[in-house]
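Input: a single structure, listed below in structure tokens.
Protein chains: 2
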Amino acid sequence: MAPALPAEPHPTGPPAEGTIRIRRAAASDWAQIWRLMEPIVRAGDTYCWDQDLDDDGARRLWFEPPPARVYVAEAEGRIRGTALLHPNRGGGGSHVATASFMTDPAASGRGIARKLAQHVLAEAAAQGYLAMQFNAVVETNVRAVALWQSLGFRILATVPRAFRHPSAGLTGLHIMHMDLTEHGA
Amino acid sequence: MAPALPAEPHPTGPPAEGTIRIRRAAASDWAQIWRLMEPIVRAGDTYCWDQDLDDDGARRLWFEPPPARVYVAEAEGRIRGTALLHPNRGGGGSHVATASFMTDPAASGRGIARKLAQHVLAEAAAQGYLAMQFNAVVETNVRAVALWQSLGFRILATVPRAFRHPSAGLTGLHIMHMDLTEHGA
Numbered sequence: 409m410a411p412a413l414p415a416e417p418h419p420t421g422p423p424a425e426g427t428i429r430i431r432r433a434a435a436s437d438w439a440q441i442w443r444l445m446e447p448i449v450r451a452g453d454t455y456c457w458d459q460d461l462d463d464d465g466a467r468r469l470w471f472e473p474p475p476a477r478v479y480v481a482e483a484e485g486r487i488r489g490t491a492l493l494h495p496n497r498g499g500g501g502s503h504v505a506t507a508s509f510m511t512d513p514a515a516s517g518r519g520i521a522r523k524l525a526q527h528v529l530a531e532a533a534a535q536g537y538l539a540m541q542f543n544a545v546v547e548t549n550v551r552a553v554a555l556w557q558s559l560g561f562r563i564l565a566t567v568p569r570a571f572r573h574p575s576a577g578l579t580g581l582h583i584m585h586m587d588l589t590e591h592g593a
Numbered sequence: 409m410a411p412a413l414p415a416e417p418h419p420t421g422p423p424a425e426g427t428i429r430i431r432r433a434a435a436s437d438w439a440q441i442w443r444l445m446e447p448i449v450r451a452g453d454t455y456c457w458d459q460d461l462d463d464d465g466a467r468r469l470w471f472e473p474p475p476a477r478v479y480v481a482e483a484e485g486r487i488r489g490t491a492l493l494h495p496n497r498g499g500g501g502s503h504v505a506t507a508s509f510m511t512d513p514a515a516s517g518r519g520i521a522r523k524l525a526q527h528v529l530a531e532a533a534a535q536g537y538l539a540m541q542f543n544a545v546v547e548t549n550v551r552a553v554a555l556w557q558s559l560g561f562r563i564l565a566t567v568p569r570a571f572r573h574p575s576a577g578l579t580g581l582h583i584m585h586m587d588l589t590e591h592g593a
């Protein structure tokens, strides 16, 4: 789904990539994850979640049981981004992954969303998923859409008027797809 | 999603429509619902559910809390079909419905799936949903696809190789959509 992407590039240019570390999340990371997640949930313009979702509800949504995996991106010891990777469907559909991403707008222009997404795509391929599908990328979230496209995703369809944007009104939800066997990751 | 549709028309032609009754499901209907559902789950060729899903797991999936609603189609006092109607997404996406349908192949050719679907579409419109979306209609389930198209759904996209069919192998999942405000129901 749609990450909260940096609004503007960092004025002095991005720091070295080495300062960003991606790892699996631990239960003890939740307080920091929720701190970056809460404003994104409250804004209600990128995720199909209730805007009044609370800490516990969000934790249940994000910390799903296996085979789901949660990742975090850290810079200077602070969590600046997080991702949830899991099967998009059960049974005969479980070989297609989906993922959700959130990054801290305060850590703009450092390529955190891209680095996290690349990591998660590589993990998905390594875990045997054959493809990744995003079910609901808000059409107005053009920076997210551009990021996904730059990574190899294509828009399969746009579900018309499927998202009620707080300011833009009824807008589309893109269904995006990337074959992990053709593109690698 | 995909109903298990009648394999062949009834040899003596369908009985009068009056013999089919659609109503909200009660908790006490579960045993009959599971009886028609279990062979569909075990077959694993129309639903993205684990084929070894048990009675309790299926009940949790089907008897969702409100605003979800479950319907049954009865003929001669027996439950021959069931449907689950609920929002396709939360938050800003909750005005689009989705639904899942299962009908008893032993009650072939009586128009039960169609009648149940028409009822559920009318209910969805009456409940204020603006559209209905199916996320995963198995491409090989051509009778289901034809039924949805005859009711006004269109295929927005087909996610390639998104379903591992027990005999056909990797096949597509159609994403289907119907606007309930233009078409009525």
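Chains A and B supply the protein sequences, listed in that same order.
Residue 496 in the working numbering is what sits at position 88 of the first sequence, and the numbering runs on without skipping anything.
Residue 427 in the working numbering is what sits at position 19 of the second sequence, and the numbering runs on without skipping anything.
Positions of the beta carbon are idealized from the N, C-alpha and C atoms, including for glycine.
- For residue 498 of chain A, there is no enclosing beta strand (DSSP E), as DSSP marks it with neither H nor E.
- Counting every other CB atom within 10 Å of its CB across the protein chains shown gives residue 431 of chain A a total below 16, marking it as exposed.
- Taking one beta carbon from each stretch, the region 549-561 of chain A and the region 525-538 of chain A have 3 or more pairs nearer than 8 Å; the two touch.
- Three or more Cβ pairs closer than 8 Å define a contact, and the region 451-464 of chain A meets that threshold against the region 570-586 of chain A.
- In the same chain as residue 581 of chain A, and ignoring 5 residues on each side of it, the C-beta atoms closer than 6 Å to its own belong to 544, 567, 570, 571, in chain order.
- Under the 7 Å criterion on CB atoms, residue 571 of chain B is classed as interfacial with respect to chain A.
- At least one beta carbon of chain B lies nearer than 7 Å to the beta carbon of residue 565 of chain A.
- Beyond the five residues adjoining it in sequence on each side, residue 512 of chain A comes within less than 7 Å, by CB distance, of 444, 488, 489 in the same chain, given in chain order.
- Distance from the Cα of residue 437 of chain B is smallest, within the candidate group B/457, B/470, B/448, B/427, for B/470.
- Between residue 547 of chain B and residue 506 of chain B, the C-beta spacing is not below 7 Å.
- Here residue 531 of chain A is buried, its C-beta having at least 16 other C-beta atoms within 10 Å.
- Cβ proximity to chain B below 7 Å picks out 452, 455, 456, 457, 458 from the region 426-458 of chain A.
- Excluding its 5 nearest sequence neighbours in each direction, residue 461 of chain B has C-beta neighbours in its own chain below 8 Å: 449, 469, listed in chain order.
- Residue pairing for residue 493 of chain A: DSSP places it in a beta bridge opposite A/477, A/507.
- Residue 495 of chain A sits buried, since 16 or more C-beta atoms from the chains shown fall within 10 Å of its C-beta.
- Residues of the region 477-500 of chain B with a C-beta less than 7 Å from any C-beta of chain A: 497, 498, 499, 500, listed in chain order.
- Around the beta-carbon of residue 485 of chain A, fewer than 16 other beta-carbon atoms lie within 10 Å, marking it exposed.
- As DSSP reads the structure, residue 483 of chain A sits in a beta bridge with A/428, A/486.
- Bridge pairing for residue 583 of chain A: A/565 [DSSP].
- With a threshold of 7 Å between beta carbons, residue 504 of chain B makes contact with chain A.
- Taking C-beta atoms as the reference points, residue 585 of chain B and residue 541 of chain B count as a pair closer than 7 Å.
- Proximity to residue 464 of chain B across B/429, B/479, B/550, B/441 peaks at B/441, based on C-alpha coordinates.
- In chain B, no part has a C-beta under 7 Å from the C-beta of residue 582 of chain A; the shortest such distance is about 10 Å.
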